[in-house]
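According to my numbering, the residues represented by the sequence shown are 1 to 119, in order. We put the CB at the ideal spot given by N, CA and C, even for glycine.
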Amino acid sequence: MGNDDEAVAAVNAAYYAAFEARDLDAMAEVWERTDRATVTHPGWPTLHGWPKVAGSWDAIFRNTPYIQFFLTDERVDVMGDTAWVVVEENILQAVGAGGAVQQQELSEARVAAINVYTR
């Protein structure tokens, strides 16, 4: 893995750490906070622009008391100032606001994801 690949892998790790911590400020650190920011969450319409993207993360974080990712088949590619990570997200989560995580049922899911980063 070259230096660029390692840097992208570190940013991708920070993205998933922010997701697991449900930390909007940390999530904002890895996102481009412009009108180019775009996200497609499973089951959601595609959202464009940082305010809508940030609002979606806020809603997810408020309604997800626990989430943990086990990443597999991670592949980093870099071309110029753009990089993408193709990864299988193996997810363990409790869904729904309120209540202790220990009292909630955990569910498992597997999602194929592509995360795109720019310098």
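Less than 8 Å between the CB atoms is what I'm expecting for F61 and Y16, so what's the real figure, rounded? Contact between F61 and Y16 does not hold, since their C-beta atoms are separated by about 14 Å, which reaches or exceeds 8 Å.
For W50 and R33, believed in contact at Cβ under 8 Å, the rounded distance: Between W50 and R33 the Cβ distance is about 4 Å, and since that is below 8 Å, they are a contact.
If you draw a straight line from the C-alpha of H48 to the C-alpha of V85, how long is it? Distance between the alpha carbons of H48 and V85: 20 Å.
Any chance you could list the alpha helix (DSSP H) runs of at least 4 consecutive residues sitting entirely within the region 73-99, in chain order? Whole alpha helix (DSSP H) segments, 4+ residues: zero.
Option in N3, T118, D35, V30 with minimal Cα separation from G80: G80 has its Cα closest to that of T118, out of N3, T118, D35, V30.
Between which two residues does the alpha helix (DSSP H) carrying N115 extend? Going by DSSP, N115 is part of no alpha helix (DSSP H) but of the beta strand (DSSP E) stretching over 107-118.
Which one of L24, L92, S56 has the shortest CA to CA distance from E105? When only C-alpha atoms are compared, the closest one is L92.
When the distance is taken between beta carbons, is V53 closer than 9 Å to A37? Contact flag set, yes.
So, for T40: in the same chain, excluding its five sequence neighbours on each side, which residues have a beta-carbon less than 7 Å away from its beta-carbon? Short of 7 Å from the beta carbon of T40, and not among the five residues preceding or following it, lie these beta carbons of its own chain, in chain order: T46.
What are the partner residues of L47, as DSSP defines its beta bridges? Answer is V39.
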